[in-house]
Amino acid sequence: MFHSTPSALVFLSLAAVAVGSAAMPDPRPNVVLIVSDDHGREALGCYGNPVVKTPALDALAADGTRFSRAFCTTASCSPSRSVILTGQQNHRNGMYGLEHDDSHFSSFSTVKSLPVRLAQAGYRTARVGKFHVAPASVYAFQTILSPGAANDPATIGRSPVEMAELARGVITAPDDRPFFLYYATDDPHRMNAVLPNGRPTFDTYPRPNSFGNRPEGRPGVTPVVYRPEDVIVPNYLPDTPETRAELAEYYQSISRMDQGIGRLIAELKAAGKYDSTLIIYISDNGAPFPGAKTTLYDVGMQLPCLVRAPGRQHPGAVQDGMVTWADLVPTILDFAGVPAPAAEFDGRSFRAGVDGGPLPGWNEAYASHTFHGITMYYPMRVVRTPQYKLIVNLASELPFPNANDLIHSPTWISATQRPDPMLGRRSIEQFLHRPRVELYDVQQDPDEIHNLADDPATQAAKSELLAKLKQWQAATKDPWLHKWKYE
């Protein structure tokens, strides 16, 4: 006769759990977060560019949801990636600028990132490609498939098909646990050239930057070459031979990246994991051209965002709610069934709108830029609504510091040498020397040229937006709020 004891009951309970676990695979979705480097949404087929070839991303949009008003919260690489991976504004998590060896910015050791949260909840985590955040202990992944040095010709970040093939082992592993894969390309960032002394440089003038393109190509990639006369010059750039030559190289880099993403999606399908995987495509910030990247004009911060979720019912949906990269971590955790305490994040989950459903009340986006490199100090704080964009330049007495890769670009150099130095519709003088407050009606003035900050008709709107901005700074623990107070 069997007599139950506490230890016997515990054993039977554990055995039942084990049997149940074996019979019931983890129902939570896999997560693939694809982050490109400096991909402006104006250079993507599904966002209206008829020239650049992006069939894989266009197919993802057609099978998922395209977000029409998605924004990074800072238009600089490391700070933006810190927001993408923590759900906290960069001024809150400590990544004020680039993680490069000569800048040394890093997040605070107390910050808890997405891969850490998912690993603690039972996910397998892996990354491949560009990393560019610190410290590694905060942004810890269980599996590192490749080194992640920024724009290093020796790394795999320019070979996106190889990156996808490296990820195959994660996708096909005989493990019932769901996986989180962070797939981050160096494309289409500008490429460092290598000097005879071995040091890198972005200075290729008068030749266009290569954007990682090379005559021998990359493994598994069929190069798509563009003619300068065929590219579309966006309004913020001068239509010069130098700009067109660089845009042609930029387009080629985007098409290479697209082929890698296509291979990654093919790997998911071959493994039978496509329909059970949450796939998100974004860029860290706007295009690698002067006037976009590192600015908080819309061309620097309004970006592509494509989401394909398991169980989607409305392929090809368009979501018009205003979402930001601070919302990504809460959204992913929501899909993964992982708690996301509101006090630990500066964003919220937009899961309800991932299949195109309405997102009532999602009508504001905030942004914060302080540094790019350590010498490129120019703090800006932004609030954007469907009608207005308010930019406060907290150190407007300084000239705007162009990023190193941009100031050496033939696009910039040729523009400064013209009799009428212009960046598109904005004078270079206007670009470099900015007022304390900029206010634009982005519905009537999408290129953000006509500053309405001193217009009597917009003073009520300006005051309301300034109040909202200061409330947001306080809520997100922005140290630069003190600058307002003592001034």
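For what it's worth, the working numbering labels the leading residue of the sequence shown as 1077, then goes sequentially.
Quick reminder that beta carbons are idealized off the backbone N, C-alpha and C, glycines included.
All values reported here derive from a predicted model rather than from experimental measurement.
Next item on the list: Return helix, strand or coil for E1540, following the three-state DSSP convention.
Entry: For the purposes of this step, residue 1540 is taken as the residue at position 464 of the sequence shown. Helix.
Next item on the list: Go ahead and label D1315 buried or exposed: buried means 16 or more other beta carbons lie within 10 angstroms of its beta carbon, across all protein chains shown.
Entry: Taking the first residue of the sequence shown as 1, we reach residue 1315 at position 239. Counting every other CB atom within 10 Å of its CB across the protein chains shown gives D1315 a total below 16, marking it as exposed.
Check: Helix, strand or coil for L1474 per DSSP?
Finding: Position 398 of the sequence shown holds residue 1474. L1474 falls in the coil class under three-state DSSP.
Item checked: Status (buried if at least 16 other CB within 10 Å, exposed otherwise) for K1553 -> Counted from its first residue, the sequence shown places residue 1553 at position 477. K1553 should be labelled exposed.
Next item on the list: Please list the segments of the beta strand (DSSP E) lying wholly inside the region 1089-1160, counting only runs of 3 or more residues, in order along the chain.
Entry: Counting only runs of 3+ residues, the beta strand (DSSP E) found wholly inside the region 1089-1160 occupies 1106-1112 and 1141-1143, in chain order.
Check: Using DSSP with H/G/I as helix, E/B as strand and the rest coil, what is R1578?
Finding: For residue 1578 there is no data in the structure shown, the boundaries of the chain being 1077 and 1563.
Note to self: Does H1526 come out as helix, strand or coil in the three-state DSSP assignment?
What the structure shows: In the sequence shown, counting from the first residue as 1, residue 1526 sits at position 450. Of the three classes helix, strand and coil, the one that applies to H1526 here is coil, per DSSP.
Note to self: Is the separation between the beta-carbon of Q1395 and that of T1130 shorter than 7 Å?
What the structure shows: Taking the first residue of the sequence shown as position 1, residue 1395 is located at position 319. Taking the first residue of the sequence shown as position 1, residue 1130 is located at position 54. Contact annotation: Q1395 and T1130 have beta-carbon atoms that are not nearer than 7 Å.
Note to self: Quick check: what's the CA-CA separation for I1491 versus R1244?
What the structure shows: Position 415 of the sequence shown, counted from the start, is the residue given in the question as residue 1491. Position 168 of the sequence shown, counted from the start, is the residue given in the question as residue 1244. Before going on, a small fix: residue 1491 reads as Ala here, not Ile. A1491 and R1244 have their C-alpha atoms roughly 45 Å apart.
Check: Nearest-angstrom Cα distance between V1246 and Q1535?
Finding: In the sequence shown, counting from the first residue as 1, residue 1246 sits at position 170. In the sequence shown, counting from the first residue as 1, residue 1535 sits at position 459. Those two C-alpha atoms are separated by around 55 Å.
Item checked: Member of V1468, L1409 and V1399 whose CA lies at the smallest distance from the CA of P1031 -> Look at the range of the chain in this structure, 1077 to 1563, and you will see that residue 1031 is not part of it.
Checklist line | beta-carbon S1425 near the ligand COA non-hydrogen atom, thresh 6 Å | finding: With respect to the ligand COA, the structure offers nothing, as it holds no ligand at all.
Notebook entry, point to check: Three or more beta-carbon pairs under 8 Å between the region 1381-1391 and the region 1349-1356, yes or no?
Noted result: Yes, the region 1381-1391 touches the region 1349-1356.
Notebook entry, point to check: How big is the Cα-Cα spacing for D1523 and L1499?
Noted result: Position 447 of the sequence shown, counting from 1, holds the residue named residue 1523. Position 423 of the sequence shown, counting from 1, holds the residue named residue 1499. Their backbone Cα atoms lie some 11 Å apart in a straight line.
Next item on the list: Give a yes or no on whether the C-beta atoms belonging to F1421 and Y1172 are separated by under 7 Å.
Entry: Along the sequence shown, read from residue 1 onward, the residue named residue 1421 stands at position 345. Along the sequence shown, read from residue 1 onward, the residue named residue 1172 stands at position 96. No, the Cβ-Cβ distance between F1421 and Y1172 is not below 7 Å.
Next item on the list: Let me know the secondary structure DSSP gives K1465 once reduced to three states.
Entry: Numbered from its first residue, the sequence shown carries residue 1465 at position 389. Residue state, collapsed to three classes: strand.
Notebook entry, point to check: For H1115, does the count of other Cβ atoms within 10 angstroms reach 16, so buried, or fall short, so exposed?
Noted result: Walking along the sequence shown from the start, residue 1115 turns up at place 39. Result: buried.
Checklist line | Beta-carbon spacing of C1122, D1139 below 7 Å | finding: Taking the sequence shown and counting its residues from 1, the one referred to as residue 1122 is at position 46. Taking the sequence shown and counting its residues from 1, the one referred to as residue 1139 is at position 63. In this structure, C1122 sits away from D1139, with a CB-CB distance that is not shorter than 7 Å.
Item checked: Helix, strand or coil at V1209 according to DSSP, with G and I counted as helix -> Taking the sequence shown and counting its residues from 1, the one referred to as residue 1209 is at position 133. Correct three-state label for V1209: coil.
Margin query: Comparing C-alpha positions only, which one of P1101, E1540, A1151 and N1125 sits nearest to I1330?
Written below: On the sequence shown, residue 1330 is found 254 positions in, with the first residue counted as 1. Among P1101, E1540, A1151 and N1125, the Cα nearest to that of I1330 is on N1125.
Note to self: Let me check one thing: in DSSP terms, what residues is G1507 bridge-paired to?
What the structure shows: Here residue 1507 corresponds to residue number 431 of the sequence shown, with the count starting at 1. Checking the sequence shown, residue 1507 turns out to be Phe, not Gly. Answer is none; F1507 lacks a bridge partner.
Item checked: Beta-carbon gap between P1282 and P1462 smaller than 7 Å -> The residue labelled residue 1282 in the question sits at position 206 within the sequence shown. The residue labelled residue 1462 in the question sits at position 386 within the sequence shown. The answer is no: Cβ separation not under 7 Å.
Item checked: Under the three-state DSSP convention, the category Y1454 falls into -> Mapped onto the sequence shown, residue 1454 falls at position 378. Here Y1454 sits in strand by DSSP.
Item checked: Nearest neighbour of V1518, chosen from R1290, M1377 and Y1464 [CA to CA] -> Here residue 1518 refers to the residue found at position 442 when the sequence shown is read from its first residue. Among R1290, M1377 and Y1464, the Cα nearest to that of V1518 belongs to Y1464.
Check: Touching or not, the region 1497-1514 and the region 1306-1322, by the rule of three or more beta carbon pairs under 8 Å?
Finding: Note that the region 1497-1514 touches the region 1306-1322; at least 3 beta-carbon pairs, one per stretch, sit closer than 8 Å.
Check: What is the DSSP secondary structure of V1378, counted as helix, strand or coil?
Finding: The residue labelled residue 1378 in the question sits at position 302 within the sequence shown. Looking at the sequence shown, residue 1378 is not Val but Gln. Of the three classes helix, strand and coil, the one that applies to Q1378 here is strand, per DSSP.
Check: What residues are listed by DSSP as bridge partners for D1517?
Finding: For this step, residue 1517 is matched to residue 441 along the sequence shown. Note: D1517 sits in a beta bridge opposite Y1464.
Check: Would the region 1190-1198 and the region 1469-1487 be scored as touching if the rule is three or more Cβ pairs under 8 Å?
Finding: No: fewer than three Cβ pairs fall under 8 Å.
Notebook entry, point to check: If you pair each beta-carbon of the region 1196-1215 with each one of the region 1247-1259, do three or more pairs fall below 8 Å?
Noted result: Judged by Cβ distances under 8 Å, the region 1196-1215 makes contact with the region 1247-1259, as three or more pairs qualify.
Next item on the list: Check whether the Cβ atoms of R1424 and D1403 sit closer than 7 Å, and answer yes or no.
Entry: Numbered from 1 along the sequence shown, position 348 holds the residue referred to as residue 1424. Numbered from 1 along the sequence shown, position 327 holds the residue referred to as residue 1403. Closer than 7 Å, so yes.
Item checked: Simplified DSSP state of K1546, which is helix, strand or coil -> For the purposes of this step, residue 1546 is taken as residue 470 along the sequence shown, with counting starting at 1. Assigned with DSSP and collapsed to three states, K1546 falls in helix.
Note to self: I'd like the list of long-range same chain contacts for H1390, defined as Cβ closer than 6 Å, with 5 residues on each side in sequence excluded.
What the structure shows: Locating residue 1390 in the sequence shown gives position 314, counting from the first residue. Taken in chain order, the residues that qualify are D1431 and G1432.
Item checked: Sequence-distant residues of its chain with Cβ nearer than 8 Å to A1551 (five each side left out) -> For the purposes of this step, residue 1551 is identified with residue 475 of the sequence shown, where counting begins at 1. Around A1551: D1422.
Next item on the list: Verify the CB distance criterion: does A1249 have a CB-CB separation below 7 Å to chain B?
Entry: Of the protein chains in the structure, only one exists, and it is not chain B.
Notebook entry, point to check: Looking at A1119 and S1362, is the spacing between their C-beta atoms short of 7 Å?
Noted result: The count along the sequence shown starts at 1 and reaches residue 1362 at position 286. The count along the sequence shown starts at 1 and reaches residue 1119 at position 43. Reading the sequence as shown, one finds Gly at residue 1362 and not Ser. No, they are not a contact pair.
Note to self: For Y1516, tell me which candidate among P1299, V1237, Y1302 and A1533 has the shortest Cα-Cα distance.
What the structure shows: Numbered from 1 along the sequence shown, position 440 holds the residue referred to as residue 1516. Of the candidates P1299, V1237, Y1302 and A1533, the one whose C-alpha sits nearest the C-alpha of Y1516 is A1533.
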